[in-house]
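Residue numbers for the sequence shown follow the UniProt record's numbering, so the first one is 1 and each next one is one higher. Each remark here refers to the structure printed beneath this line.
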Amino acid sequence: CPRCRERLYVSADGVVSKAPQPRGKCRTCLQERVLLDGGKCDACILGSQFALTYECDRCGGHQRIPHPMWRYQASPGEFGSVTWACHNACGDYTRWRVIAADLGRVPMHDTPEGWDMLDSWLEQLRAEQMRVPARSPPEER
Numbered sequence: 001c002p003r004c005r006e007r008l009y010v011s012a013d014g015v016v017s018k019a020p021q022p023r024g025k026c027r028t029c030l031q032e033r034v035l036l037d038g039g040k041c042d043a044c045i046l047g048s049q050f051a052l053t054y055e056c057d058r059c060g061g062h063q064r065i066p067h068p069m070w071r072y073q074a075s076p077g078e079f080g081s082v083t084w085a086c087h088n089a090c091g092d093y094t095r096w097r098v099i100a101a102d103l104g105r106v107p108m109h110d111t112p113e114g115w116d117m118l119d120s121w122l123e124q125l126r127a128e129q130m131r132v133p134a135r136s137p138p139e140e141r
C-alpha cells in the first residue's frame, strides 16, 4: 500500500488482503521483521534500492546506509530519531540525516509527512501526465 507501506495480496478472484509473511531477523538491519526477498525486511529492500549517503550526528562522517533512514527524520535538515552503526570515527550507534546532495534522491512516495512533500510529488505527477500525450485508441478495421 503506498499510504501505509503494508504488504497486500490480491487473490486470483480479486480479493485484497494483508499478505502473510514469515518473520525473522533481517540480515541487514538485524531487527525482528517480516522477511521478504533474500531474508531482508521491506524497509531494507527499499533502502538498498535507494542507498543514500548519510551524515553522522556525532563525528560528521558520511556513510552509505542500505536502510531508509530518511523515514526517521522529522525534516530534511534534522538528524533522525533511530540509530545505525557508524563505521567512521565513532564506531558506535549514532543518529543520521541524508546529506544535502542526496535529498533529491529520497523517493517522493516515501518521504515523511513532516517534510511536506506530498503536494510537490502530486504536482510532479500531474506535470508528467500533461507532458506525455494521451494515446489514441486503436482504429477499427
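Glycine included, every Cβ here is placed at the ideal spot set by N, Cα and C.
Is L46 near the ligand ZN, going by C-beta to nearest heavy atom under 8 Å?
The ligand ZN is not part of this structure, which contains no ligands at all.
I99 lies in the beta strand (DSSP E); which residues open and close that run?
Reading the sequence shown from its first residue, position 99 is the one you call residue 99. Where I99 is concerned, there is no enclosing beta strand (DSSP E), given that its DSSP letter is neither H nor E.
Using the rule of at least 16 other Cβ atoms within 10 Å of the residue's Cβ for burial, across every protein chain shown, is E55 buried or exposed?
Translated into the one-based positions of the sequence shown, residue 55 becomes position 55. Buried, since its Cβ has 16 or more Cβ neighbours within 10 Å.
Which residues mark the beginning and the end of the alpha helix (DSSP H) in which A43 is found?
To locate residue 43, count along the sequence shown from 1; it is residue 43. From DSSP, the alpha helix (DSSP H) with A43 extends over D42 to Q49.
Quick one: Cα of residue 147 to Cα of D102, how far?
With the chain covering only 1 through 141, there is no way to say anything about residue 147.
Here's a check: name, in chain order, each residue in its chain whose Cβ is nearer than 6 Å to the Cβ of W70, leaving out the five neighbours to either side.
Residue numbering aside, residue 70 sits at position 70 when the sequence shown is read from its first letter. Here the set comprises V98 and V106.
Rounded to a whole number of angstroms, what is the C-alpha to C-alpha distance between A51 and L125?
Here residue 51 refers to the residue found at position 51 when the sequence shown is read from its first residue. Here residue 125 refers to the residue found at position 125 when the sequence shown is read from its first residue. When rounded, the distance between both Cα atoms is 23 Å.
Take the Cβ of H67 as the centre, count every other Cβ of all protein chains shown within 10 Å, and call the residue buried at 16 or more, exposed below.
Within the sequence shown, the letter at position 67 stands for residue 67. When all chains shown are included, H67 counts as buried.
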